[in-house]
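Asks: Quick one: structure below, then a few questions.
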Amino acid sequence: MAVSVMSARCFEIPLPTTIANSICLKESFDMQQIRQISGTGVPLLLDDIDTDRIIPARFLRCVTFEGLGEHVFEDDRKQDSKHPFDDPCHQGGGILIAGRNFGCGSSREHAPQALIRWGIKAIIAESFAEIFFGNSIGLGLPCVNAKRTELIRLAAVIAANPTLVVTVDLVGQQVNAGHESFPSEIVESARRSLTTGNWDFLGQLLEGTSDVSRIAEKLPYVSGFRQ
Amino acid sequence: MNDRRNLFNKVWDVHSVRTLASGQTQLFIGLHLIHEVTSPQAFSILRDRGLNVQYPERTLATVDHIIPTENQSRPFLDVLAEQMMSSIERNCREFGIRLFNLDDHRQGVVHIVGPEQGLTQPGMTIACGDSHTSTHGAFGSIAFGIGTSQVADVLATQTIAIGKPLVRKVEVTGALRRGVFSKDVALHIIRRLGVQGGVGFAYEYSGDVFDRMTMEERMTVCNMSIEGGARCGYVNPDRTTIDYIKGRPFAPRDADFDRASAWWLSLASPKNAEFDDIVSFDGSAIEPTVTWGINPSQSVGVTEKLPTLASFSVDDQKGIQEALNYMELTEQQPIRGLKINVAFIGSCTNGRISDLREAAAIAKGRKVAAGVKALVVPGSQLVRQQAMDEGLDKVFEAAGFEWRSAGCSMCLAMNPDKLQGREVCASSSNRNFKGRQGSPTGRTLLMSPAMVAAAAVNGCVSDVREML
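Chains as they are written, first to last, in my numbering: chain V, 44 to 270; chain P, -12 to 455.
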């Protein structure tokens, strides 16, 4: 099967060594289209994984996102010697498979930053918490939904062959692993943003500057409720 | 009068700048709040891209998450915390943003400071790099948590890209029983709807239970919206809202205030407002509620036993078993009588003056049980001062509670206040996630501040109704 891998540029360049504001160099004119992402799978089929678990709060004592990758799921990993992030079979894995409501809780962008820096390039889950989802898309990390039965089937396929390449196809709305395929979907606005290379929201928002001042002027509280 | 839009949609509409290529809305943000944890990287984005802060007067900064509540002398002993302090100080100075720093009597937990200062007003859109921004919805504003990249978006453009959620009316009616507080109402709703029940929704809290609530009580409920998956929750503005705002430092004055009040009230959802979903609860059936697990939906009334595994769907049983294992609890075990090691009163959920009064009423004339470490962390310096003016600090100290300075403290334990090992904490905060309170194996039981005080005194989970 021919698979074209057009992952975001940010995954292919070395991380800046100075203050890294985000995993990606946010240059609006140069965002890559993200259509298909491939990597080996990392199954973590648990529900309601919160962002405190993804990156415990003590690691938020920082002014950059550098170095977060090594602490991803740190407390869970210390308490579970079989945690998939420590399983030799899944080292270098890029596609995370999770359960329902992944990324709930705190708004910390450190959570997707830590996952990306560990090597995660896409997440397939039954559902995502909203703030986590938005943070991830803005970093070029696709979060796609699949039914629970499909996730269980995919996890089994990966367990049988951890070296199998899993491909998340945002255009075809499916996940492929070996000869198997799994229906998946992604929120349409995110699909559009990622596949067209328009996931630098700041660049787009800046284009609306004149409209912003027009809206602001009309808001009674912006003018201090004066007549 | 055929406008059947609910408050959320009315406020959304007047803040919508345009539709983006993705289909999302570019939404104007009326008030932006920042703190030391989620803002440094946002300022780095501005510097890297050569951008300025577009509306510096619409952003307010304070420091809360990493603030020590005992020794606050600078530099902080924690060099990482000190670095974050220097960072926000420098960023606010360079970009012209007002900062309520430690030496300012208005400093405190960001979601307590905004309302206290009259910055939080009905009809505004409010964003902050913190999921508990939903607190501000108590005023009839649309308020939600955002990530750091979006903090940069707001700084640079005063807007964010966001999809419009559906709106669910969450109705609670009937008289709350004695000893049942707004925290119990919030925990009850989350227990019934689940931690992901609100994903994709904004919640409108309505019904006579919320009508009767004070602003502080409404803030507690809205604060917990995100724990039920709803990024935003609000209460329609009414006389209670207007009376609360009047006279606060950043509130409009005189004729401006009258015009503001008229606009605020006009935004409330009409009686025949349209909603995408409606759920109703009987407020009189709510008990003082305590969480037993590792997410805020895993709770029971204080007189109940823990649920059986079999009462959950097969899909859910794995998570329930994980929670029971972590908490070292068994199904059908009574929650009442469960021993605690630590009691924490504070946080953006329950760190306001009314919370401290409710807890102090229980602590008064009683003593913290032997072996229990109990601390009270006011939500802001002004709350702290008010409590001291009322003598509450003396009540707490006489009972054996530690009386601390303002900050987020042991809600998320980014400062020195942390659980140790497997300690069990009765906490008035908002999250009982694994490791949340600073020990990777620590355990949290969420409850109202009065229930925390009761647990502190008895050394175990107790029914506060017997102590009122």
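Glycine included, each C-beta is placed from N, C-alpha and C at the ideal position.
Please work out which residues of its chain come closer than 7 Å, Cβ to Cβ, to residue 452 of chain P, disregarding the five sequence neighbours upstream and downstream, and give them in chain order.
Replies: Contacts found: 165, 166, 275.
Asks: Does residue 86 of chain V get closer than 7 Å to chain P when you measure Cβ to Cβ?
Replies: No, residue 86 of chain V lies away from the interface with chain P (no Cβ there is under 7 Å from its Cβ).
Asks: Residue 178 of chain V: which of P:449, P:134, P:115, P:337 sits nearest, CA to CA?
Replies: Residue 178 of chain V has its Cα closest to that of P:134, out of P:449, P:134, P:115, P:337.
Asks: I want to verify the contact list: residues of chain V whose CB lies under 7 Å from the CB of residue 19 of chain P, in sequence order.
Replies: Ordered by position in chain V, no residue passes the 7 Å Cβ test against residue 19 of chain P, which lies about 13 Å from the chain.
Asks: Would a check of beta-carbon distances place residue 282 of chain P closer than 7 Å to chain V?
Replies: It does; some Cβ of chain V falls within 7 Å.
Asks: For residue 168 of chain P versus residue 435 of chain P, is the C-beta spacing smaller than 7 Å?
Replies: Yes; because the gap between Cβ atoms is below 7 Å, this pair is in contact.
Asks: Could you work out which residue in P:110, P:119, P:141, P:144 is closest to residue 129 of chain P when comparing CA atoms only?
Replies: Per the Cα distances, P:110.
Asks: Does any C-beta atom of chain V lie closer than 7 Å to the C-beta of residue 27 of chain P?
Replies: So, interface residue.
Asks: Whole-angstrom Cβ separation of residue 416 of chain P and residue 432 of chain P, contact assumed at under 8 Å?
Replies: At roughly 10 Å, the Cβ-Cβ gap does not stay under 8 Å, so residue 416 of chain P and residue 432 of chain P are not in contact.
Asks: Quick check: the Cα distance between residue 122 of chain P and residue 206 of chain V, rounded to an integer number of angstroms?
Replies: Their backbone Cα atoms lie some 46 Å apart in a straight line.
Asks: Thinking residue 26 of chain P and residue 78 of chain P are a contact (beta carbons under 8 Å), I'd like their distance in whole angstroms, please.
Replies: Contact holds; Cβ gap of about 7 Å.
Asks: Which stretch, first to last residue, makes up the alpha helix (DSSP H) that contains residue 27 of chain P?
Replies: It spans 27 to 36 - the alpha helix (DSSP H) in which residue 27 of chain P sits, taken as one unbroken run.
Asks: Output, in sequence order along the chain, the residues in the segment 98 to 118 of chain P whose CB is closer than 8 Å to any CB in chain V.
Replies: Residues 108, 110, 111, 116, 117, 118.
Asks: Name, going along the chain, the residues of the segment 238 to 268 of chain P whose beta-carbon falls closer than 7 Å to a beta-carbon of chain V.
Replies: The residues in question are 239, 243, 246, 247, 250.
Asks: In whole angstroms, give me the CA-to-CA distance for residue 270 of chain V and residue 244 of chain P.
Replies: Rounded to the nearest angstrom, the two C-alpha atoms are 12 Å apart.
Asks: Would you say the segment 249 to 260 of chain V touches the segment 83 to 96 of chain V, given that touching needs at least three Cβ pairs under 8 Å?
Replies: No: fewer than three Cβ pairs fall under 8 Å.
Asks: When you compare the CB positions of residue 17 of chain P and residue 112 of chain P, do they come within less than 7 Å of one another, or not?
Replies: Going by C-beta atoms, residue 17 of chain P is nearer than 7 Å to residue 112 of chain P.
Asks: Considering only residues of the same chain and omitting the five flanking positions on each side of residue 251 of chain P, which have a CB-CB separation below 8 Å?
Replies: Around residue 251 of chain P: 108, 109, 110, 127, 224, 228, 229.
Asks: Do residue 150 of chain P and residue 185 of chain P have their C-beta atoms within less than 7 Å of each other?
Replies: Result no, Cβ atoms of residue 150 of chain P and residue 185 of chain P do not sit closer than 7 Å.
Asks: Only counting runs of 3 or more residues, tell me where the beta strand (DSSP E) segments fall wholly within the segment 114 to 139 of chain P, in order along the chain.
Replies: 129 to 132, all fully within the segment 114 to 139 of chain P.
Asks: Please tell me whether, using a cut-off of 6 Å, the distance from the CB of residue 118 of chain V to the nearest non-hydrogen atom of the ligand SAH is below it.
Replies: This structure simply doesn't include the ligand SAH, nor any ligand for that matter.
Asks: Pick out the complete alpha helix (DSSP H) segments inside the segment 232 to 301 of chain P, 4 residues or longer, and give them in chain order.
Replies: Entirely contained in the segment 232 to 301 of chain P, the alpha helix (DSSP H) runs reaching 4 residues are, in chain order, 241 to 254.
Asks: Out of P:71, P:330, P:294, which one is the CA nearest neighbour of residue 317 of chain P?
Replies: The shortest Cα separation from residue 317 of chain P among P:71, P:330, P:294 belongs to P:294.
Asks: State buried or exposed for residue 92 of chain P, treating a residue as buried only when at least 16 other CB atoms are found within 10 Å of its CB.
Replies: Looking at its Cβ environment, which holds fewer than 16 other Cβ atoms inside 10 Å, residue 92 of chain P is exposed.
Asks: Just confirm the distance between the C-beta atoms of residue 100 of chain V and residue 71 of chain P, as a whole number of angstroms; I'd bet it's less than 8 Å.
Replies: Between residue 71 of chain P and residue 100 of chain V the Cβ distance is about 13 Å, and since that is not below 8 Å, they are no contact.
Asks: Can you confirm whether residue 146 of chain P, when its beta carbon is compared against all beta carbons of chain V, has any partner nearer than 7 Å?
Replies: Cβ-Cβ to chain V under 7 Å: yes for residue 146 of chain P.
Asks: If we ignore side chains and look at the alpha-carbon of each, how far apart do residue 83 of chain V and residue 132 of chain V end up?
Replies: Cα-Cα distance, rounded: 9 Å.
Asks: For residue 265 of chain P, count the other beta carbons within 10 Å of its own beta carbon; 16 or more makes it buried, fewer makes it exposed. Which is it?
Replies: It is exposed - the Cβ of residue 265 of chain P has fewer than 16 other Cβ atoms within 10 Å.
Asks: Can you give me the Cβ contacts of residue 80 of chain P inside the same chain, cut-off strictly under 7 Å, excluding the 5 residues immediately before and after it?
Replies: Excluding residues within five positions, none has a Cβ falling inside 7 Å.
Asks: Roughly how many angstroms lie between the CA atoms of residue 243 of chain V and residue 181 of chain V, to the nearest whole one?
Replies: For residue 243 of chain V and residue 181 of chain V, the distance between alpha carbons rounds to 6 Å.
Asks: Check this for me: beta carbons of residue 366 of chain P and residue 339 of chain P, under 7 Å apart or not?
Replies: Yes, these two residues count as a Cβ contact at 7 Å.
Asks: Taking the DSSP output, what are the residues bridged to residue 155 of chain P?
Replies: Answer by DSSP bridge pairing, in chain order: P:190, P:264.
Asks: Taking only three categories from DSSP, how would you classify residue 68 of chain V?
Replies: Because residue 68 of chain V carries a pLDDT of 41, less than 50, the predicted location of this residue cannot be relied on, and the following value inherits that uncertainty. In the structure shown, residue 68 of chain V sits in coil (DSSP, three-state: anything other than H, G, I, E or B).
Asks: From P:377, P:388, P:353, pick the residue whose C-alpha is nearest to that of residue 360 of chain P; which is it?
Replies: That would be P:388, whose Cα lies nearest to the Cα of residue 360 of chain P.
Asks: Which residues in chain V sit within 7 Å of residue 10 of chain P, going by Cβ to Cβ distance?
Replies: Under the 7 Å cutoff, chain V gives 231, 232, 235.
Asks: Taking all protein chains shown into account, do 16 or more other C-beta atoms lie within 10 angstroms of the C-beta of residue 162 of chain V, making it buried, or fewer, making it exposed?
Replies: Burial call: buried.
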